[in-house]
Amino acid sequence: MKDQVLDWIFNKPSFPLKFERLELDENFCIIDTSEQVQRFAEHPEDVIRGKDIRLSFPELRGLENILKSLLQGDKELFELQAIERYSEHNLYVYIDIYIIGEQQENKLIILIEDITDRLVLKQKLAQQANETNLLSSALISCENYMEQVITSMADALLVTSNTGKIKRINHAAQKLFGFKEEELINQPISLIIDNNQISLKAIYQHSYLKRSLQNIEVVCRTKTREKLLIAFSCSVIAKQTEGLEDIVYIGRDITAWQHREQRTSAQYAITRILSESQSIKQVIPQILQSICQNLGWDLAELWTPSQYIGTSVPGDSLNAVLRCVEIWSSRLISVREFKAITWQTTYTPGAGLPGRIWIRRLPLWIKDITEDADKRRSQAATEAGLHAAFGFPILDDSEILGVMVFFSRDVQPKDKDLLQMMGSIGSQIAQFIKRKQVENALIESEERYRDLFENANDLIQAVNAYGRFLYVNRAWRETLGYSEAEIANMNIFDIIHPDFKQHCLQRFYRVLSGEKLGQVTATFVTKNGQTIFLEGNINCKFVEGHPVAIRGIFRNVTQRLAAEAALRHQQVETERLLLNLLPAAISKEIQEEPADIAEDFTDVTVLFADIIGFSEIAASMSAIQLVNLLNPIFSAFDRLTEKHGLQRIKTINDAYMVVGGLHTPRQDCAKAIAIMALDMQTAIALFNTENNQNFSIRIGIHSGSVVAEEIDLNESTCDHLWRDTVNIASCMESQGIANKIQVTEDIYKSLCNEFLFEKRGEIEVKGKGKMTTYLLIGRKG
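Going by this note's numbering, the first residue of the sequence shown is number 957, and it counts up by one from there.
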């Protein structure tokens, strides 16, 4: 039986066998070894004759009963497989141990086989098999996943051959273009892409450079021939056979985005034209051209009952006869015959597109003018290739001044948003016309007073609502040194000293809004660069609620102010020192009673808020528009300040500063400021919704001490405490994020139990180094 066991061991299918050998007595002590058996032992130093085998091969511990059964012949063979050893060369070695009993000699024979190579190979084969299975499963999953993605993706996907034949489309493409799948498969892509604007050569060139062609804006057509603007990204899918590549088109409909951009551009252009133009005859052709070019229309007309809009006021508008007094057309169309007929055509209210708009006093849209009942011009429109048309009235309250009509070569569905915007533009144009009429009448009226003004010693000026000069007298010209030609091209803010321009701009807005101001001062710069100081009164003249002229009468007080400044020099220096060292409230107290003061301003919270892009907003609209737009915002903020028992300190440019706990100590000033900040976000969001605006604000908050101990006038401790608190709060705002509330770690620690925060990280604060900041999200619960 022993020979059979040995045959089994030595005939195992494996690599060429090589065994190391050990012989043990009945006490499991080593009585003989092969030469290299130590390299397989856990403790090679114990592989010595007479030593217990369990010292060098701890795997045999606990197997004593099995070993005895082998000695007694109850068991023929015992095997330990895949035992791991860590060799002296920092490599793992794997062995199999076979134990055989010799009953006649009462000993055990241990054979040790090195199976490292065989086991490693077996593991590699198993790993490769697993990797193959995983790769196959991943490939199948990827194919299923991609199929689901293509089916459910919102963007349109088309796959074509390199010749442009459509091979595959997804559901989004079918929905976008209005075709069924079978209607597009094997059809040329030019069926939906207008004039095949995508160049295959350009696509292949980008593919050669291993780049995809991104965001090509292409005019496409639906099944009903409606025009769409699609942004395509294109790439070539290479195949093994050259010349059989497929092209993938992924498109996104940006028609609505384009329309919004066009409407925004048109609105901006018209606002700019109305703000810069000096006369009605100058503004109308520019508006017709601007609307066509910004919106992509081809022809525009102005219809009025008079020789020209604004030259006379119609009496009975129902009996008016409308004539075309202005036409603008694109060079891309030939409309000579259509224009000739238009110049000879007149309409009564209710007749033709201009007459219907006149009688209804509302914007009107016609999908295809060639199908309209207006027989006089529909045939000429067909020959000129004109189709869609829309128009709107130039309406001021109930008085209609004219009608603008526009034509396009495309058949276009009704655009309600565009009509609504055009109705607003019509009102803007009407207001401009009425304002110009009033301004002209005002200029004529004021000419009667010119002689009186010219002989006055005071400096007299009049400017319109945009700051352009309407009149200055002789004393004004001689004092400032500007000629009449120079004044005609100047704005009042061109000659205001830069240090006082912001203050004068705010005062200008206040007068435009109807506020009555008392004595005012102004600082002008003469032509030769001299600074002069003026003192006087300004007032605004309103006609039908609209500001038409801001008039000012000033005296030159430069010399008087210089004398007064010299007399007050010492007093001003003293007050400036105190104001630089202390907060205003403490400075006043020191001047009244110069004793040690201990203010309990130990917990003050400061909030800064800033409207992002204020300068750009101010530059894009007139002064009265800006006042009307921003006044509700700051009024809402003032109401919140009063509601939460806080104090508005000052407005720095467009910044808004609020303090809690300044004069009335309170334990919850940080909480009150945090709630106000959240309310300010709600207020600005409500304002945007109600006024169709997109204003964003940044808010920063910090808590700190103002004065914590008695003040020593010889030190600037209080100054540092006060400035640190305000400067850090200002830094939280200026380095903040749009529509977010950034706070310091002090605010977070004091409010984290009541409010939700999000950690932003560290920012650099001048004089303080890096500070950890958080974003206030809302109240808990």
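For every residue, glycine included, the Cβ atom is placed at its ideal position computed from N, Cα and C.
Legend entry - Option in ARG1316, THR1338, GLN1238 with minimal Cα separation from ILE1385: Of all alpha-carbon atoms in ARG1316, THR1338, GLN1238, the one lying nearest the alpha-carbon of ILE1385 is that of GLN1238.
Legend entry - Which of helix, strand or coil DSSP assigns to SER1025: Here SER1025 sits in helix by DSSP.
Legend entry - TRP1321, enclosing beta strand (DSSP E) - first and last residue: Its beta strand (DSSP E) spans residues 1320-1322.
Inset, instruction - Could you check if ASN1512 is buried or exposed, using at least 16 other CB atoms within 10 Å of its CB as the buried criterion? - result: Counting Cβ neighbours within 10 Å, ASN1512 comes out buried, since at least 16 surround it.
Inset, instruction - Spell out a yes or no on whether the region 1247-1255 and the region 1272-1287 are touching, meaning 3 or more CB-CB pairs, one atom from each, closer than 8 Å. - result: At 8 Å Cβ cutoff, the stretches touch.
Legend entry - Residue ranges of each alpha helix (DSSP H) within the region 1442-1516, 4 or longer: DSSP runs (the alpha helix (DSSP H)) wholly in the region 1442-1516: 1457-1468.
Legend entry - Coil, strand or helix - LYS1123 by DSSP: In the structure shown, LYS1123 sits in a strand (DSSP, three-state: E or B).
Inset, instruction - Could you spell out the range, first to last residue, of the beta strand (DSSP E) harbouring VAL1614? - result: Unbroken beta strand (DSSP E) run through VAL1614: 1611-1616.
Legend entry - C-alpha distance - GLU1665 paired with ARG1604, whole-angstrom precision: Confidence at GLU1665 is low in this model, with a pLDDT of 42, below 50, so its placement is unreliable and no value can be given for it.
Inset, instruction - Below 7 Å CB to CB, which residues in the same chain sit around ASN1484 once its five sequence neighbours on both sides are set aside? - result: These residues qualify, in order along the chain: GLY1437.
Inset, instruction - Could you tell me whether the region 1209-1223 touches the region 1165-1185, using the rule of 3 or more Cβ pairs below 8 Å? - result: The way I'd put it, the region 1209-1223 does touch the region 1165-1185; three or more beta-carbon pairs between them come closer than 8 Å.
Legend entry - Contact between the region 1078-1090 and the region 1004-1011 (3+ Cβ pairs under 8 Å): The region 1004-1011 and the region 1078-1090 do not touch, with fewer than three beta-carbon pairs separated by less than 8 Å.
Inset, instruction - Would you mind working out which of ALA1611, LYS1627, ALA1628, ARG1595 sits nearest ALA1639, comparing C-alpha positions? - result: Measuring from the Cα of ALA1639, the nearest candidate turns out to be ARG1595.
Legend entry - Straight-line gap, THR1487 to THR1435 (C-alpha atoms, nearest Å): Approximately 11 Å between the Cα atoms of the pair.
Legend entry - Whole-Å CB distance - THR1302 paired with VAL1277, under 8 Å assumed: Sure, about 5 Å apart at Cβ, within 8 Å.
Legend entry - Cβ-Cβ distance between ARG1654 and GLU1689 below 9 Å: With respect to GLU1689, ARG1654 sits close: the two C-beta atoms are nearer than 9 Å.
Inset, instruction - In angstroms with no decimal places, state the Cα-to-Cα distance between GLU991 and GLU976. - result: For GLU991 and GLU976, the distance between alpha carbons rounds to 8 Å.
Inset, instruction - Go ahead and label TRP1432 buried or exposed: buried means 16 or more other beta carbons lie within 10 angstroms of its beta carbon, across all protein chains shown. - result: Buried.
Legend entry - As assigned by DSSP and simplified to three states, the class of VAL1721: In the structure shown, VAL1721 sits in a strand (DSSP, three-state: E or B).
Inset, instruction - Since I believe VAL1467 is in contact with ILE1506 (beta carbons under 8 Å), could you give me their beta-carbon distance rounded to a whole number of angstroms? - result: The pair is a contact, with the Cβ atoms about 6 Å apart (cut-off 8 Å).
Inset, instruction - Would you mind working out which of ASN1171, LEU1169, LYS1121, GLN1170 sits nearest ILE1148, comparing C-alpha positions? - result: Among ASN1171, LEU1169, LYS1121, GLN1170, the Cα nearest to that of ILE1148 is on LYS1121.
Legend entry - Straight-line gap, ILE1125 to LEU1095 (C-alpha atoms, nearest Å): In this structure, the alpha-carbon of ILE1125 lies about 22 Å from that of LEU1095.
Inset, instruction - Go to PRO1310, then tell me how far its alpha helix (DSSP H) extends in each direction, as first and last residue. - result: 1308-1316 is the extent of the alpha helix (DSSP H) around PRO1310.
Inset, instruction - Check whether the region 1693-1701 touches the region 1610-1621, taking contact to mean three or more Cβ pairs, one atom from each stretch, closer than 8 Å. - result: No, because fewer than three Cβ pairs between the region 1693-1701 and the region 1610-1621 fall closer than 8 Å, the two stretches do not touch.
Inset, instruction - Please classify MET1632: does DSSP put it in a helix, a strand, or coil? - result: Under the three-state reduction of DSSP output, MET1632 falls in the helix class.
Inset, instruction - Identify every residue that forms a DSSP beta bridge with ILE1210. - result: Looking at the DSSP assignment, ILE1210 forms no beta bridge with any residue, so it has no partner.
Legend entry - LYS1599 classed as buried or exposed, judged by whether at least 16 other C-beta atoms fall within 10 angstroms: Here LYS1599 is exposed, its C-beta having fewer than 16 other C-beta atoms within 10 Å.
Inset, instruction - Along the alpha helix (DSSP H) that carries PRO1241, what are the first and last residues, could you check? - result: Per DSSP, the continuous alpha helix (DSSP H) segment holding PRO1241 begins and ends at 1236-1251.
Inset, instruction - Compare the Cα-Cα distances from ALA1128 to each of SER1108, ILE1141, GLN1143 and report the closest residue. - result: The candidate whose alpha carbon is nearest that of ALA1128 is SER1108.
Inset, instruction - Evaluate the contact criterion for the region 1345-1354 versus the region 1319-1329: three or more CB pairs, one atom per stretch, below 8 Å. - result: Counting C-beta pairs with one atom in each stretch, the region 1345-1354 and the region 1319-1329 have three or more that are closer than 8 Å, which means they touch.
Legend entry - ARG1735, buried or exposed, once every other Cβ within 10 Å from all chains shown has been counted against 16: By the 10 Å Cβ count, ARG1735 comes out exposed.
Inset, instruction - Just the C-alpha distance for PHE1425 and GLN1335, rounded to the nearest angstrom, thanks. - result: Computed Cα separation, rounded: 51 Å.
Legend entry - Between the CA atoms of VAL1394 and ALA1478 - distance to the nearest angstrom: Going from the Cα of ALA1478 to the Cα of VAL1394 covers about 28 Å.
Inset, instruction - Note down, one range per segment and in chain order, each beta strand (DSSP E) of at least 3 residues found wholly within the region 1051-1081. - result: Note on the region 1051-1081: whole beta strand (DSSP E) runs with a minimum of 3 residues are 1063-1070, in chain order.
Legend entry - Of the listed residues ALA1421, GLY1423, GLN1417, nearest to ASN1429 (C-alpha basis): Restricting attention to ALA1421, GLY1423, GLN1417, the CA atom closest to the CA of ASN1429 is found in GLN1417.
Inset, instruction - Please state if the CB of SER1659 and the CB of ASP1624 are separated by a distance shorter than 9 Å. - result: Against a cut-off of 9 Å, the Cβ pair of SER1659 and ASP1624 comes out as no contact.
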